[in-house]
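Working notes, beginning with the structure itself.
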Amino acid sequence: MKKILYIGNKLSKHGYNKTSIETLGVFLESEGYEIYFSSSKKNPFVRLVDMVYSVIKKNKEIDFILIDTYSTSSFWYAFICGQIARLLKVKYICILRGGNLPIRLKNNPFLCKQLFNNAYKNIAPSNYLKSEFEAKGFKNIAYIPNTIEINHYVFKERTNFAPKLLWVRAFASIYNPKMAIDVLLELRKTYPEASLTMVGPDKDGSLIETKEYAEIKNVSVQFTGKLSKEEWWKIAEEHDVFISTTHFDNTPISVMEAMALGLAVVSTNVGGIPYMLTNNENAILVDDNDALGMSESIVQLILNLDNNTEKLVSNARKNVETKDWKQVKEQWFSLLK
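Under our numbering, think of the first position of the sequence shown as 2, with each following residue one higher.
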């Protein structure tokens, strides 16, 4: 079986949400691949050094390097490790994680060509990024969706939908968490009993800002901090609507999980979201930063006219079932053979 070095931010032990290195990497490991992981170092510079050291140390015993490739500061991890892999003649695969990567392609075309054109393959978890990269002339792009193990998610059938909102994401400005407060305020004009639970660790100081914003607006919100998947799945049973307020995104796992659990999903229509969700079919999509539009959409979901919300939620579950690991793994096997 192949030996693989997986480069990414493996930081859950430091209080951050698990990223794909701890999901896809574990899935591949369970299928018999020998996986080396790098890095779990908290300090960004130390983490980069550890990644580079791992590439150099393992280069003669591995078959591939998988590199989670983001669009902001973590882009440099991918770029540097990719260039070292080229020098050492090791095949590397970029997994395109950053929803804002199209901006990176625009701002750093030369560096992006050096990284992506020399990759063995670039894997896009969404057709959004696949189309964006192809539009820029990149040829070695393949679509393999983000994946979950669907049997771990208990679908709760709901015939009545209450104004109980759930938000799950790391607190970062790119995910626009303060919009969730505005949505709650608008929703309370119609449903004074409306509630909001926000789950996730702080990433850039946005958690404190969001808490302060809720205090300024004099609205009560439940902030849980970071929870394990199992913990927030349990909380999800007590909620009916999942909201995603992000400015940019690719194919967020938390949205897939909400669909699997039977929550009605309302999201901003940005980045890869419209490639992942279909408005009025398996979710409701609104404009970026449109708190009023999101609130009005939630009201319609709660009213559940002609059982439309039940149909939407059922369609969402069927959609995410196609992303089950049992189906997606064959694409990875083919790539890594």
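Just so you know, even glycine gets a beta-carbon here, dropped at the ideal spot from N, CA and C. Since we're looking at a predicted model, the values are computed, not measured.
{"Item": "DSSP has residue 295 in a bridge; who is on the other side?", "Value": "Paired residues: none, contrary to the question."}
{"Item": "Using the three-state DSSP reduction, which class does residue 222 fall into: helix, strand or coil?", "Value": "coil"}
{"Item": "Please return the same chain residues whose Cβ sits closer than 7 Å to the Cβ of residue 86, not counting the five positions on each side in sequence.", "Value": "56, 66, 93"}
{"Item": "Let me check one thing: in DSSP terms, what residues is residue 277 bridge-paired to?", "Value": "In DSSP, residue 277 forms no bridge with anything."}
{"Item": "Curious, which full-length beta strand (DSSP E) runs of at least 3 residues does the region 233–284 contain?", "Value": "242–245, 265–269"}
{"Item": "Work out the CA separation of residue 50 and residue 43 for me, nearest whole Å.", "Value": "12 Å"}
{"Item": "Just to confirm, is the Cβ distance from residue 2 to residue 37 under 8 Å?", "Value": "no"}
{"Item": "Quick check for students: name the residue ranges of the beta strand (DSSP E) that lie wholly in the region 4–90, counting only runs of 3 or more.", "Value": "4–8, 35–39, 65–70"}
{"Item": "Using the rule of at least 16 other Cβ atoms within 10 Å of the residue's Cβ for burial, across every protein chain shown, is residue 110 buried or exposed?", "Value": "exposed"}
{"Item": "Please go through the same chain and pick out, in chain order, the residues whose beta-carbon is closer than 8 Å to the beta-carbon of residue 80, but skip the five residues on each side of it.", "Value": "112, 115, 116"}
{"Item": "What does the alpha-carbon distance come out to for the pair residue 64 and residue 106?", "Value": "28 Å"}
{"Item": "So the candidates are 259, 118, 6, 28; which of them puts its Cα closest to the Cα of residue 141?", "Value": "118"}
{"Item": "If we ignore side chains and look at the alpha-carbon of each, how far apart do residue 104 and residue 289 end up?", "Value": "17 Å"}
{"Item": "Taking the alpha-carbon of residue 60 as reference, which of 4, 70, 226 has the nearest alpha-carbon?", "Value": "4"}
{"Item": "Could you check whether the region 132–152 touches the region 178–185, counting it as contact only if at least three pairs of C-beta atoms, one from each stretch, sit closer than 8 Å?", "Value": "no"}
{"Item": "Taking just the CA atoms, how far does residue 277 sit from residue 75?", "Value": "24 Å"}
{"Item": "Roughly how many angstroms separate the alpha carbons of residue 6 and residue 334, rounded to a whole number?", "Value": "16 Å"}
{"Item": "Among 84, 199, 326, 320, which one has its Cα closest to the Cα of residue 221?", "Value": "199"}
{"Item": "Can you check whether the CB of residue 228 is closer than 8 Å to the CB of residue 197?", "Value": "no"}
{"Item": "May I have a chain-ordered list of the alpha helix (DSSP H) segments no shorter than 4 residues that lie completely inside the region 105–155?", "Value": "110–117, 128–136"}
{"Item": "In the DSSP assignment, the beta strand (DSSP E) including residue 93 goes from what residue to what residue?", "Value": "93–97"}
{"Item": "Just checking my contact of residue 279 with residue 162 at CB under 8 Å: how many whole Å lie between their CB atoms?", "Value": "Residue 279 to residue 162, Cβ: 19 Å. No contact."}
{"Item": "Who are the Cβ neighbours of residue 252 in its own chain at under 6 Å, not counting the five residues just before and after it?", "Value": "126, 127, 147, 273, 277"}
{"Item": "Just to confirm, are residue 303 and residue 164 a CB contact at a threshold of 8 Å?", "Value": "yes"}
{"Item": "DSSP beta-bridge partners for residue 288?", "Value": "None; residue 288 has no bridge partner."}
{"Item": "Measure the CB-CB distance between residue 73 and residue 96 and report whether it falls below 8 Å.", "Value": "no"}
{"Item": "Hey, out of 325, 89, 123, whose CA is closest to residue 102's CA?", "Value": "123"}
{"Item": "Which one of 291, 90, 25, 258 has the shortest CA to CA distance from residue 157?", "Value": "258"}
{"Item": "With C-beta atoms as the reference, is residue 169 less than 8 Å away from residue 255?", "Value": "yes"}
{"Item": "Can you tell me whether DSSP reads residue 174 as helix, strand or coil?", "Value": "helix"}
{"Item": "In the DSSP assignment, find the beta strand (DSSP E) that holds residue 2 and state where it starts and stops.", "Value": "Run containing residue 2: none; DSSP gives neither H nor E here."}
{"Item": "Could you pull out every unbroken alpha helix (DSSP H) segment of at least 4 residues lying fully inside the region 176–200, listed in chain order?", "Value": "179–188"}
{"Item": "What span of residues does the alpha helix (DSSP H) with residue 212 cover, start to end?", "Value": "207–217"}
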